Each structure stands twice: as structure tokens, then as C-alpha cells.
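Participant:
Residue numbers (this note's numbering): 65 to 488.
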């Protein structure tokens with residue numbers, strides 16, 4: 065059968081070096097001592113067996129008979145007990161004095177010194193411990209009758225200090241404290257062991273309590289790598305090249321932006337240009353030629369861009385004059401940011417109301433490639449310039465076509481006082 069310690073509480077088998085049971089956490093020091101005591105019978109255990117025989121402790125009671133209480137006063141003289149030890153050397157000297165010695169027989173009175181011996185008797189509840197003192201006192205009393213008093217005095221102090229008795233009391237009266245020792249080099253956890261969260265000692269996988277501090281164990285294996293997975297000494301770890309997903313995501317985002325920019329390039333360009341039109345200052349652009357579909361007497365098309373608001377162009381037909389147009393051409397393409405139209409014959413209110421005014425017009429722009437772009441505008445019936453944003457690139461010609469008029473009658477003509485162009 066394998067050597068070990070059997071727990072008295074649960075009967076579990078534990079290793080020899082364990083301090084606590086692995087199943088119930090009981091302290092195993094007592095079982096270890098019990099096993100060692102069983103292996104080597106202690107002499108002090110056999111002593112208590114004969115001790116009950118000398119139970120007639122009353123024998124020391126006759127001692128107080130020759131111990132008169134008043135005579136302890138001379139005891140201070142024997143207090144230097146270490147001095148009587150050299151006295152046994154001159155023992156031959158007291159031999160010629162045997163005659164007076166019987167008179168000194170009452171000197172056994174110093175035996176009351178054993179009176180402190182009754183003090184240890186009440187302290188140890190187990191009777192066997194004080195009995196050695198009583199047993200020792202009996203032979204001392206017998207020896208006192210045959211041996212000179214000097215020898216008796218020397219023997220008595222030795223019997224007063226039984227060293228073995230207090231040593232035997234400690235385990236019985238006060239049990240030793242359970243000391244939790246820290247984990248040492250031998251307790252270091254091995255691969256697969258359960259590591260104690262309290263002291264760090266390694267324990268077998270089947271244990272529920274630490275073998276060193278009795279702390280509860282959780283099923284948490286050692287986090288250290290097994291020996292098979294650890295790199296050998298002198299080896300250098302290989303550099304692991306990981307594919308970075310961030311680069312792939314970045315490339316996808318860039319490609320998506322390029323594709324969206326190409327697909328929506330016209331809209332993006334127009335948005336950027338419109339923003340620039342509002343931020344960048346534009347300048348006035350003057351046409352190189354102004355023509356019209358028809359003109360009334362003294363109302364030529366050049367008057368629509370002469371810089372005076374009291375002179376105007378008017379088509380030849382009276383009434384609404386729908387479909388009549390005014391055309392302006394430029395010598396170089398430019399970005400047409402906006403146009404400004406001053407309806408009516410004059411900026412003066414009376415002259416303004418005397419003639420018909422355009423209410424809506426179609427603005428047609430032609431770029432350098434010949435493409436046209438239409439923009440319908442609605443004018444307010446009030447004198448003064450009215451601005452309209454256009455935002456067309458590479459414009460080389462602009463046409464204004466009348467589509468409606470205010471105050472038109474068979475006796476009035478639709479008048480346009482001024483047209484202006486802003487570009488960059």
C-alpha cells in the first residue's frame with residue numbers, strides 16, 4: 065500500500081508532505097504526529113501507566129508534619145542553593161559529626177520548598193504529570209532517613225525542576241497553531257496542477273483544498289505553457305506576417321470614391337462651380353453684337369445695352385409680342401454666372417407703366433461647341449434690374465425670348481430697358 069496520511073475526518077488518502085486534506089481541508093499535522101508516535105513508542109507515554117499505582121498521593125502529606133511554618137525564616141540561608149553543590153565535596157567532614165546530626169534531623173524542614181510543587185499539581189489537570197514529582201519525593205524521603213541532610217538538600221532542588229513535565233503539557237493543554245506557510249521551491253506548480261489562489265502552491269488535479277494553506281481550489285489549470293509548447297533555449301521566435309485589413313479597406317474606399325467621382329462628375333463639377341460662383345467675384349461682360357427679331361421705330365436692339373435705363377428696345381408688333389427675341393453675342397467663351405434684366409421703358413414709375421413689360425422670358429445660352437441650354441425666368445412687375453443665376457460654361461451667345469407681358473394692349477409695345485451679363 066502506498067505511503068501517505070489518512071484523514072481522520074473524511075478518510076481520504078493524502079501524500080506525506082501535505083499539511084491539509086485535499087478533500088475536506090482538515091489539518092493533517094495531528095495524523096502525521098500520530099503516525100510517527102505509532103512508529104516510535106514514546107517513553108513518556110509508558111510512564112503514566114505506572115503512575116496511577118503511586119496514586120496514594122497522601123504520602124507527601126506527612127511532609128508538612130516536620131515542616132513547622134515558623135522555621136522557614138532560616139530558609140533565606142539555603143537560598144543560595146548553587147553553593148551547597150560544592151558542599152558535597154567536604155562530605156567526609158560531616159561524618160565525624162553524626163552525633164549532633166540526629167539532633168538536626170528536624171532540618172528536613174527545608175523540605176517545605178517542595179511546597180511550590182503543589183502549585184504545579186493544580187495546574188496540570190492530568191494527574192500523571194505531578195505524580196513524577198510525588199514519586200521522586202518518596203525516594204527522597206526514604207533517602208533522607210539514611211543519607212546525611214546535606215545530600216538531601218542537594219537532591220531536593222533537582223527534583224523541583226522537572227523539565228520533561230512542562231514539555232509534555234504543551235501538546236495536551238495548548239494545541240499548536242495551524243501555520244500557513246508560503247509556497248517554497250518544492251511547492252512550485254507543475255504543468256497541469258491546480259494553482260492555489262492564496263499561497264500559489266501547486267496541487268494535484270483531484271484536490272479540493274490546498275495542501276499548504278487549506279484554501280479552496282478552483283478548477284483553473286496553470287497558465288504556463290506545457291514544456292512541449294515552450295521554445296527551446298537559444299531559439300528566436302519567427303516573425304509572423306499578418307495581412308493588414310486596413311490597407312484593403314483603404315483601397316476599397318479610394319476605388320469607390322474614384323468611381324463615384326467619374327459617374328457623378330457632371331453633378332460634382334456643377335456643384336463646385338456653383339459654389340465658386342458665390343465665392344469668387346464675377347465681372348461684367350459686354351457683348352460684341354446685339355440683334356433682335358424686329359424693332360419698333362427708334363427702339364433699336366442696341367438700346368437694350370447702352371447703359372441708360374430711360375432708353376429701351378421694343379419689338380415692332382404691339383400687344384404681348386410673344387416669340388419676339390433679343391440676341392447678344394460675345395467674341396470669347398466665358399462662364400456666364402448671371403444675367404440682369406430691367407423690364408419696362410424707364411426706371412420712372414410713370415414711364416414704366418406707360419408701356420407693356422415682359423412677365424416671363426426664355427433665356428437660351430449657346431456654348432462654344434454649339435450646345436444650347438434653356439432657362440425660363442419669371443420677372444416682377446417693377447422697375448429696376450432683376451438678377452438671375454445661370455451658371456453655364458463656355459458661353460458665346462445669349463438669346464432672350466418673350467413669353468408673356470404685363471399691361472399689353474393693341475396700342476403699346478413690350479419694352480426692355482437694359483440687359484447685363486456677369487461672368488468669369
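Every residue, glycine too, gets a C-beta built ideally from N, C-alpha and C.
Please read these numbers as outputs of a predicted model, since none were measured by experiment.
For residue 308, count the other beta carbons within 10 Å of its own beta carbon; 16 or more makes it buried, fewer makes it exposed. Which is it?
Facilitator: That one is exposed.
Participant: Going by C-alpha distance, which of 457, 425 and 91 is nearest residue 431?
Facilitator: Of the listed residues, the one whose Cα sits closest to residue 431 is 457.
Participant: Just mark residue 398 as buried or exposed, buried being the case when its beta carbon has 16 or more other beta carbons within 10 Å.
Facilitator: It counts as buried.
Participant: Going along the chain, which residues of its own chain have a beta-carbon closer than 7 angstroms to the beta-carbon of residue 271, five neighbours each way excluded?
Facilitator: 86, 258 and 281.
Participant: Where residue 489 and residue 320 are concerned, what is the direct C-alpha to C-alpha distance, given to the nearest angstrom?
Facilitator: Residue 489 is absent from the structure shown; the chain starts at 65 and stops at 488.
Participant: Can you check which of these residues, 91, 351, 300 and 71, is closest to residue 400 by C-alpha distance?
Facilitator: Nearest of 91, 351, 300 and 71 to residue 400, Cα basis: 351.
Participant: Since I believe residue 373 is in contact with residue 423 (beta carbons under 8 angstroms), could you give me their beta-carbon distance rounded to a whole number of angstroms?
Facilitator: The Cβ separation is near 19 angstroms, so there is no contact.
Participant: Comparing alpha-carbon positions, which option in 253, 467, 346 and 480 lies nearest residue 488?
Facilitator: Residue 346 is the option with its Cα nearest to residue 488.
Participant: On a CA-only basis, which of 69, 443 and 277 is nearest residue 80? Give me that one, please.
Facilitator: The residue with the shortest Cα to Cα distance from residue 80 is 69.
Participant: Assuming the contact rule is C-beta atoms closer than 8 angstroms, residue 390 and residue 368 should be a hit. Round their C-beta distance to whole Å, please.
Facilitator: Indeed, because the Cβ distance is near 6 angstroms, the residues count as touching under 8 angstroms.
Participant: May I have a chain-ordered list of the beta strand (DSSP E) segments no shorter than 3 residues that lie completely inside the segment 301 to 370?
Facilitator: Counting whole runs of 3 or more residues, the segment 301 to 370 contains the beta strand (DSSP E) stretches 353 to 356.
Participant: Might you give, ordered along the chain, the residues of its own chain that have their beta carbon closer than 6 angstroms to the beta carbon of residue 378, omitting 5 neighbours on each side?
Facilitator: Excluding positions up to five away in sequence, the list reads 360, 363, 477 and 479.
Participant: Verify whether the separation of the beta carbon atoms of residue 83 and residue 300 is less than 8 angstroms.
Facilitator: It is not a contact, given that the beta carbons lie outside the stated cut-off.
Participant: With a threshold of 8 angstroms, are at least 3 pairs of Cβ atoms found where one atom belongs to the segment 382 to 396 and the other to the segment 451 to 465?
Facilitator: Cβ pair count under 8 angstroms is three or more, so yes.
Participant: With distances taken Cα to Cα, identify the nearest neighbour of residue 387 among 425, 371, 402 and 353.
Facilitator: Comparing Cα positions, the closest option is 425.
Participant: By DSSP, does residue 77 sit in helix, in strand, or in coil?
Facilitator: Correct three-state label for residue 77: strand.
Participant: If we ignore side chains and look at the alpha-carbon of each, how far apart do residue 380 and residue 474 end up?
Facilitator: Looking at the two C-alpha atoms, the distance is approximately 12 angstroms.
Participant: Below 6 angstroms CB to CB, which residues in the same chain sit around residue 437 once its five sequence neighbours on both sides are set aside?
Facilitator: The answer, listed in chain order, is 429 and 456.
Participant: Distance, Cα to Cα, residue 335 vs residue 302?
Facilitator: Cα-Cα distance, rounded: 54 angstroms.
Participant: Once you ignore the five residues that flank residue 451 on each side, which residues in its own chain have a CB closer than 7 angstroms to its CB?
Facilitator: Correct list, in chain order: 402 and 404.
Participant: Please say whether residue 348 and residue 486 have beta carbons closer to each other than 8 angstroms?
Facilitator: For residue 486 and residue 348, yes; Cβs fall inside 8 angstroms.
Participant: Can you tell which of 470, 310, 482 and 252 has the C-alpha that lies nearest to the C-alpha of residue 411?
Facilitator: The shortest Cα separation from residue 411 among 470, 310, 482 and 252 belongs to 482.
Participant: Buried or exposed: which applies to residue 466, given that a residue is buried once 16 or more other Cβ atoms fall within 10 Å of its Cβ?
Facilitator: So residue 466 counts as buried.
Participant: Report the CB separation of residue 472 from residue 384 in whole angstroms; it is logged as a contact under 8 angstroms.
Facilitator: Rounded, the Cβ-Cβ distance is 4 angstroms, consistent with contact.
Participant: Please name the residue or residues paired with residue 438 in a DSSP beta bridge.
Facilitator: In DSSP, residue 438 forms a bridge with 428.
Participant: For the alpha helix (DSSP H) that contains residue 416, what are its first and last residues?
Facilitator: Run containing residue 416: 413 to 418, per the alpha helix (DSSP H) assignment.
Participant: What's the gap between the Cα of residue 358 and the Cα of residue 448?
Facilitator: Rounded to the nearest angstrom, the two C-alpha atoms are 24 angstroms apart.
Participant: Answer with buried or exposed for residue 149, where buried requires no fewer than 16 other C-beta atoms within 10 angstroms of its C-beta.
Facilitator: Below a pLDDT of 50, predicted positions are generally treated as unreliable, and residue 149, at 49, falls in that range; the measurement from the model is reported next regardless. Exposed: under 16 other Cβ atoms inside 10 Å.
Participant: Give the straight-line distance between the Cα atoms of residue 454 and residue 439, rounded to the nearest whole angstrom.
Facilitator: Approximately 8 angstroms between the Cα atoms of the pair.
Participant: Would you kindly check if the distance between the Cβ of residue 88 and the Cβ of residue 78 is under 8 angstroms?
Facilitator: Contact flag unset, no.
Participant: Which of helix, strand or coil does DSSP assign to residue 83?
Facilitator: Coil at residue 83, not helix or strand.
Participant: Does DSSP put residue 486 in a helix, in a strand, or in coil?
Facilitator: Strand, per DSSP.
Participant: Can you grab the Cα-Cα spacing for the pair residue 264 / residue 74, in whole Å?
Facilitator: Roughly 25 angstroms between the two C-alpha positions.
Participant: For residue 366, collect the residues of the same chain with a Cβ closer than 7 angstroms to its Cβ; drop the 5 residues on either side in sequence, then sort them by chain order.
Facilitator: Cβ neighbours of residue 366 beyond the five flanking positions: 354.
Participant: By a C-beta neighbour count over all protein chains shown, 10 Å radius and 16 as the cutoff for buried, is residue 409 buried or exposed?
Facilitator: Classification for residue 409: buried.
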